[in-house]
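Undergrad:
Residue numbers (this note's numbering), protein chains in the order written: chain A, 1 to 246; chain B, 1001 to 1435.
1) Here's the rule: buried if 16 or more other CB atoms are within 10 angstroms of the residue's CB, otherwise exposed. What is residue 1003/B?
2) Could you tell me which uninterrupted beta strand (DSSP E) segments, each at least 3 residues in length, are contained entirely in the region 97-129 of chain A, listed from first to last along the chain?
3) Please list the terminal residues of the continuous beta strand (DSSP E) segment that includes residue 5/A.
4) Tell me whether the beta-carbon of residue 1257/B lies closer than 8 Å to the beta-carbon of residue 1285/B.
5) Go through the region 1184-1269 of chain B residue by residue and report every complete run of the alpha helix (DSSP H) that reaches 4 residues or more, in order.
6) Look at the alpha carbon of residue 112/A and the alpha carbon of residue 159/A, and state the distance between them as a whole number of angstroms.
7) Could you check whether the Cβ of residue 1143/B sits closer than 8 Å to any Cβ belonging to chain A?
8) How close, in whole Å, do the beta carbons of residue 1247/B and residue 1292/B come, if the pair is a contact with beta carbons under 8 Å?
9) Looking at residue 1153/B and residue 1085/B, is the spacing between their C-beta atoms short of 8 Å?
10) Should residue 1375/B go down as buried or exposed, given a rule of 16 or more other Cβ atoms within 10 Å for buried?
11) Exposed or buried, which one is residue 1278/B when buried takes at least 16 other CB atoms within 10 Å?
12) Spell out whether any CB of chain A is found under 8 Å from the CB atom of residue 1055/B.
13) Alpha carbon to alpha carbon, what distance is there between residue 1416/B and residue 1101/B?
14) With a Cβ-Cβ cutoff of 8 Å, do residue 1381/B and residue 1272/B count as a contact?
15) With DSSP run on the structure shown, which of helix, strand or coil describes residue 1283/B?
16) Within its chain, find whatever has a CB closer than 7 Å to the CB of residue 1361/B; leave out the 5 residues flanking it on each side and keep chain order.
17) Would residue 153/A pass as a contact of residue 218/A if the rule is Cβ separation under 8 Å?
18) Name the chain B residues whose beta carbon is nearer than 7 Å to that of residue 18/A?
19) Enumerate, from N- to C-terminal direction, the unbroken alpha helix (DSSP H) stretches of 4 or more residues contained entirely within the region 1016-1088 of chain B.
20) Using a cut-off of 9 Å between C-beta atoms, extract the partners of residue 173/A located in chain B.
21) Roughly how many angstroms lie between the CA atoms of residue 1239/B and residue 8/A, to the nearest whole one?
22) Confirm, please, whether the CB-CB distance from residue 46/A to residue 18/A is below 8 Å.
23) Is the distance from the Cβ of residue 1255/B to the Cβ of residue 1106/B below 8 Å?
24) Please classify residue 1308/B: is it buried, with 16 or more other beta-carbons within 10 angstroms of its beta-carbon, or exposed?
25) Classify residue 1425/B: buried if its beta carbon has 16 or more other beta carbons within 10 angstroms, exposed otherwise.
26) Below 6 Å CB to CB, which residues in the same chain sit around residue 1118/B once its five sequence neighbours on both sides are set aside?
27) Mapping the DSSP letters down to three states, classify residue 1272/B as helix, strand or coil.
28) Can you look up residue 39/A in the DSSP assignment and give me helix, strand or coil?
29) Decide if the region 1165-1182 of chain B is in contact with the region 1390-1409 of chain B; the criterion is three or more beta carbon pairs, one per stretch, under 8 Å apart.
30) Among 24/A, 149/A and 182/A, whose alpha-carbon lies nearest the alpha-carbon of residue 82/A?
31) Which residues in chain B sit within 9 Å of residue 104/A, going by Cβ to Cβ distance?
32) Express the C-alpha separation of residue 1204/B and residue 1164/B in angstroms, rounding to a whole number.
33) Give the DSSP-derived three-state secondary structure of residue 90/A in the structure shown.
Spelled out as structure tokens, the structure:
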């Protein structure tokens, strides 16, 4: 069994609900986008085209980040999920540079400082709503140990100075649920499941449709397959530049 | 008081003597080191958010910056010291012996600085010190940069330095001084009998033979850190490892030239560190410089003649864009260094002043070139449609690096206050040289 994801670009409308769902599920820090949707433009008037491209971690079968990790904190599981052990990572950030997709996010500061400050939680009017529990709320599933290896690999904002990235929502798939981005997608553009089994939705996509993968030439063997549209080129220009940083 | 002065005057090469200039040097170095420690404290408590580094990709930053540049630079500097020391031993280049200990010390100190520069770059420094050994993975090129360098290279260099100094230590341990305990500790029962001398000689010879391949491997893996990565434009290439070794030689010999000139002045030994030694170092530097310039031209030609589209944005930024001043500045410094050295070789007159100037130029160029390997590939020419990023080091990063330089100067200064920089001269030296 190997997990894989299919991204149907003919269905994607670039709404970025998946990005939001990921942040809520995984409690990632400000400026971190484990799931990111490129919105980019190609060509010039009148032949211009706007494309969308969701970019989760590609969970490569030949992951360059796993190869370079000096302490084995970044590892591939039997089921194809590539994870980071937050208890072992030393924060050298080599994985981030080895990855050609730019999916890694480092905890540059203490996790509690990376939380979104949307409301003033000390406001007494909020007391009846929060019941006195002061956020950041932590999803208890994120703090546990996961997989056969029993390593701390779930969720974001684990600790200052460690690397984090998309986990395919390891805490959800172990319960038989789909990743948060997949369940949230309003157009069913994201499909998740066993890529080796032709009877699953992912397997059917792979068998019936023409798929391509990002930066195939890098030899990373990604587990994320795209359907429709075509890969971005060096002429693809993002229509807005992300300003979120720390 | 009189006996005190008498006691100190027994140690050669101003060992153990403190004067005003020395105190000023120590106070200055401690002040800069203190600022470095304060800077690192900020980083350790608040997180690396106080540096100028940020994530590549959506955050538009560079995740490796000045620290890794200096890691590569410091470890590069270490190359020449032990190489020169090993060459002296293997080929019996006795006329170079006066600078052997200086060269060995330079290797040890710059390796310590390189290791520390890795530690300050880690998000979890304490965990790093443990895990880099506990869970070491030789499959990662980073293994060579830290575990191999610190465990193998630094350790064998320390042993080499120790063995080489043991005879002088035994001699100094006989003269009473405040540092006698230190010299006794170093000598550790060594009595300089012919058998002991013979055994030391053989041990250091085989150690020198073993160190040479070890250091080529260590410096090549440093090149592999970048050269094996397809994910970044401008990194993947077979030339990275040998070019790293060549530039390491350039910066390291440049440093030995500077240090030899300082040692010669401070210990007042121009008769022993003579023009012949500088001439030899100058020729060695010229050789390494020409090899590196050759690599650079080959690289440049490849880059401009047939640039893949993905690499074009990077090469534009390097040659005509944002980084052009560093690129062409470094190239100019290297070419000027080569021209000065060739001119001195042609007229067969080696001026110490010019050689020190060349040493400084070559090292500035080395830092510039290391920076250009590390940073632009992260901010320019990413393979997915991310926008161009930017990076500029913060005050904290400059502070930490200045602190490391101060620590290095302090270590070298303190060592030469406690131990003679040059082998002690006496009649028995002739016996060994002729043996």
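For each residue, glycine too, the CB sits at the ideal point set by N, CA and C.
TA: So, from the data block:
1) Low confidence applies here, because residue 1003/B scores a pLDDT of 43, under 50, leaving its location unreliable; read the following figure in that light. Residue 1003/B counts as exposed, since fewer than 16 other C-beta atoms from the protein chains shown sit within 10 angstroms of its C-beta.
2) Counting only runs of 3 or more, we get nothing.
3) For residue 5/A, the enclosing beta strand (DSSP E) stretches over residues 3-8.
4) Against a cut-off of 8 Å, the Cβ pair of residue 1285/B and residue 1257/B comes out as a contact.
5) DSSP runs (the alpha helix (DSSP H)) wholly in the region 1184-1269 of chain B: 1194-1227 and 1240-1266.
6) So the alpha carbons of these two residues sit roughly 9 Å apart.
7) Residue contact with chain A for residue 1143/B: present (Cβ-Cβ distance below 8 Å to some residue of chain A).
8) Right, the Cβ-Cβ distance comes to about 5 Å (below 8 Å), so this counts as a contact.
9) In this structure, residue 1153/B does not lie closer than 8 Å to residue 1085/B by Cβ.
10) Buried.
11) With 16 or more other Cβ atoms inside 10 Å of its own Cβ, residue 1278/B counts as buried.
12) Yes, contact with chain A.
13) Taking the straight line joining both Cα atoms gives about 10 Å.
14) Result no, Cβ atoms of residue 1381/B and residue 1272/B do not sit closer than 8 Å.
15) Residue 1283/B: helix per DSSP, three-state reduction.
16) Excluding five sequence positions before and after residue 1361/B, the CB atoms of its chain that fall closer than 7 Å to its own CB belong to 1333, 1336 and 1337, given in chain order.
17) Between residue 153/A and residue 218/A, the C-beta spacing is not below 8 Å.
18) Within chain B, no residue comes near residue 18/A; the closest Cβ sits about 14 Å away, beyond 7 Å.
19) Counting only runs of 4+ residues, the alpha helix (DSSP H) found wholly inside the region 1016-1088 of chain B occupies 1020-1046, in chain order.
20) Result: empty, since nearest Cβ-Cβ is about 25 Å, beyond 9 Å.
21) About 41 Å.
22) In terms of Cβ geometry, residue 18/A and residue 46/A do not form a close pair [threshold 8 Å].
23) In terms of Cβ geometry, residue 1255/B and residue 1106/B form a close pair [threshold 8 Å].
24) Exposed.
25) Classification of residue 1425/B: exposed, given that the 10 Å Cβ count is below 16.
26) Once the five neighbours on either side are set aside, the close Cβ partners of residue 1118/B are 1071 and 1146.
27) Here residue 1272/B carries a coil assignment [DSSP, helix/strand/coil].
28) In this structure, residue 39/A counts as strand in the three-state DSSP scheme.
29) Because the criterion of three Cβ pairs below 8 Å is not met, the region 1165-1182 of chain B and the region 1390-1409 of chain B do not touch.
30) Ranking 24/A, 149/A and 182/A by Cα distance to residue 82/A puts 149/A first.
31) Result: 1055, 1056, 1057 and 1063.
32) Distance between the alpha carbons of residue 1164/B and residue 1204/B: 7 Å.
33) It is coil, neither helix nor strand.
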